[in-house]
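Residue numbers (the working numbering): 69 to 142.
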C-alpha cells in the first residue's frame, strides 16, 4: 500500500497537466504494458503496445484519487 500511496503526488501532478509527471508514470508502468503486449506471444505486438499505452494514459487521467484515498466513500 505504501508504494501505491507514493504515486498519489505524481498522479495528482499528471492529472493537472504536468507532462514530466505523466512521463514518469508511463515509464513506471512500461514493463507491465510491454508484458501484456507480449502476452501469449514471443514478440512485442507494437499495435497492442500502443493501445495499452493509450489505455494507461486514459486511466491515469480518469483515476479518482479522492475516492481511492477515502476508501471508496465519497
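No residue lacks a Cβ here, since even glycine has one placed at the ideal position from N, Cα and C.
Distance, residue j Cα to residue i Cα
i	j	result
residue 114	residue 108	14 Å
residue 128	residue 141	20 Å
residue 84	residue 77	11 Å
residue 132	residue 80	10 Å
residue 96	residue 106	17 Å
Secondary structure of residue i, DSSP reduced to three states
i	result
residue 131	coil
residue 115	helix
Span of the alpha helix (DSSP H) around residue i
i	result
residue 100	87 to 106
residue 80	76 to 83
Integer Cβ distance of residue i from residue j, believed to fall under 8 Å
i	j	result
residue 94	residue 124	7 Å
residue 120	residue 104	6 Å
Sequence-distant residues of its chain with Cβ nearer than 7 Å to residue i (five each side left out)
i	result
residue 101	117, 120, 121, 124
Residues of its chain near residue i, where Cβ-Cβ distance is below 6 Å and the 5 sequence neighbours each way are ignored
i	result
residue 75	none
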